[in-house]
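S.K.: Chain order of the listed sequences is A and B.
Here this note's numbering is used: the first residue of the first sequence is 46, the next is one more, and so on.
Here this note's numbering is used: the first residue of the second sequence is 1080, the next is one more, and so on.
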Amino acid sequence: MVLLLFYFFCFLIVVSAFLMLLTRHILYAAFLLLLTFLGIAALYALVGADFLAVSQVVIYVGGVLVLLLFGIMLTHQPVGGQPSAAPQTESRNLWWGALTGIGFFALLAQVIYKADFTSKAWIVSAESQKRLLNNSSIPHLGANLMTHYLLPFEIIAILLLVALVGATLLASRKS
Amino acid sequence: MQIPLENILILSAFLFCIGLMIMITKRNIVVVLMGIELILNAANLNLVAFSQYDAEKLQGQVFALFVMVVAAAEAAVGLAILLLVYRHFKTANLDQISKMKG
Chain A
46 MVLLLFYFFC
56 FLIVVSAFLM
66 LLTRHILYAA
76 FLLLLTFLGI
86 AALYALVGAD
96 FLAVSQVVIY
106 VGGVLVLLLF
116 GIMLTHQPVG
126 GQPSAAPQTE
136 SRNLWWGALT
146 GIGFFALLAQ
156 VIYKADFTSK
166 AWIVSAESQK
176 RLLNNSSIPH
186 LGANLMTHYL
196 LPFEIIAILL
206 LVALVGATLL
216 ASRKS
Chain B
1080 MQIPLENILI
1090 LSAFLFCIGL
1100 MIMITKRNIV
1110 VVLMGIELIL
1120 NAANLNLVAF
1130 SQYDAEKLQG
1140 QVFALFVMVV
1150 AAAEAAVGLA
1160 ILLLVYRHFK
1170 TANLDQISKM
1180 KG
């Protein structure tokens, strides 16, 4: 049952990401990105990261995607408003892009199958001692964030604040 | 039942390559930013997949959380730069933004 769900969400992610590559409409790409994010959130829930699944929905779908939609809205040009320049780099970039993507995927797949991660010592010991993630990960995550990772946690909070203030300052400057 | 690790790794490699291809072939700045988000999500998926064998320390999940925050900051700053570029060049097409071409 879990495997069936896993393959269903895999199919969803693969199809929507691939259609994102093929479509020429920006808005379609944004909504396909929404589907991809939701599928990834479901995969997080399936591998036991429940808190991350929720924060994926909140941060990516609720935050980043809305920002991207604002970007589309603010840079939208009416159809036929400007003479559309002939695409200069399309055909060249298309072939190089396809070549790079497919070649890199072949390389990565070969490395993943050759590396044989499931026979690594720490994964085998975790599997044999039943130290797998079965129930909620929130207590461990919260304890870790407030003890071992307290300094990175505070630093990343400052980083987010500075980035948001800087973004507001950049975007609101009058020319 | 355990989900096979290799399948998740292959899926995230696929997502990474799709993001890479979107970044190379697309000509709109917003779509290129979407490709970057896909690449960051692929990296996160790897971290979370390995983190299920690390039930006490959960290093992968903590790191994935930090990556998410950095991705949100990156999207905000990227959108602000996009607005500045659009105001200056009156276009969001990367082909037509060639004033600083070396």
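A virtual CB, placed ideally from N, CA and C, is assigned to each residue, including glycine.
Which residues in chain B sit within 8 angstroms of A/Tyr158, going by Cβ to Cβ distance?
M.R.: Here the question's residue 158 of chain A lines up with position 113 in the first sequence. In chain order: Glu1085.
S.K.: Under the three-state reduction of DSSP, which class applies to A/Asn180: helix, strand or coil?
M.R.: As a position in the first sequence, residue 180 of chain A is number 135, starting the count at 1. A/Asn180: coil per DSSP, three-state reduction.
S.K.: For B/Val1146 versus A/Ile71, is the C-beta spacing smaller than 8 angstroms?
M.R.: The residue given as residue 1146 of chain B occupies position 67 in the second sequence. The residue given as residue 71 of chain A occupies position 26 in the first sequence. No, the Cβ-Cβ distance between B/Val1146 and A/Ile71 is not below 8 angstroms.
S.K.: State the CB to CB distance for the pair A/Tyr89 and B/Val1127, rounded to an integer number of angstroms; the pair is presumed to be in contact (CB under 8 angstroms).
M.R.: For the purposes of this step, residue 89 of chain A is taken as residue 44 along the first sequence, with counting starting at 1. For the purposes of this step, residue 1127 of chain B is taken as residue 48 along the second sequence, with counting starting at 1. At roughly 6 angstroms, the Cβ-Cβ gap stays under 8 angstroms, so A/Tyr89 and B/Val1127 are in contact.
S.K.: So what's B/Ile1108 in DSSP terms, helix, strand or just coil?
M.R.: Numbered from 1 along the second sequence, position 29 holds the residue referred to as residue 1108 of chain B. Helix, per DSSP.
S.K.: What does B/Lys1136 touch in chain A if you count any residue whose Cβ is under 9 angstroms from its own?
M.R.: Within the second sequence, residue 1136 of chain B is the residue found at index 57, counting from 1. By Cβ distance, chain A contributes His185, Asn189, His193.
S.K.: Hey, does A/Ser182 have any beta-carbon neighbour from chain B nearer than 8 angstroms?
M.R.: Working through the first sequence from its first residue, we reach residue 182 of chain A at position 137. So, interface residue.
S.K.: At least one CB of chain B closer than 8 angstroms to the CB of A/Ala62: is that the case?
M.R.: Taking the first sequence and counting its residues from 1, the one referred to as residue 62 of chain A is at position 17. Yes, because at least one Cβ of chain B sits closer than 8 angstroms to the Cβ of A/Ala62.
S.K.: Using a Cβ cut-off of 8 angstroms, pull out every chain A residue sitting near B/Ala1128, in sequence order please.
M.R.: Walking along the second sequence from the start, residue 1128 of chain B turns up at place 49. Those are Val92, listed as they occur along chain A.
S.K.: Return the chain-ordered list of same chain residues with a C-beta closer than 6 angstroms to the C-beta of A/Ala87, the five sequence neighbours on each side being excluded.
M.R.: As a first step, residue 87 of chain A must be located in the first sequence, where it is residue number 42. Within the same chain, A/Ala87 has close Cβ partners Phe54.
S.K.: Along chain A, which residues have their Cβ under 7 angstroms away from the Cβ of B/Ile1118?
M.R.: Position 39 of the second sequence, counted from the start, is the residue given in the question as residue 1118 of chain B. In chain order: nothing, as chain A lies at least about 11 angstroms away.
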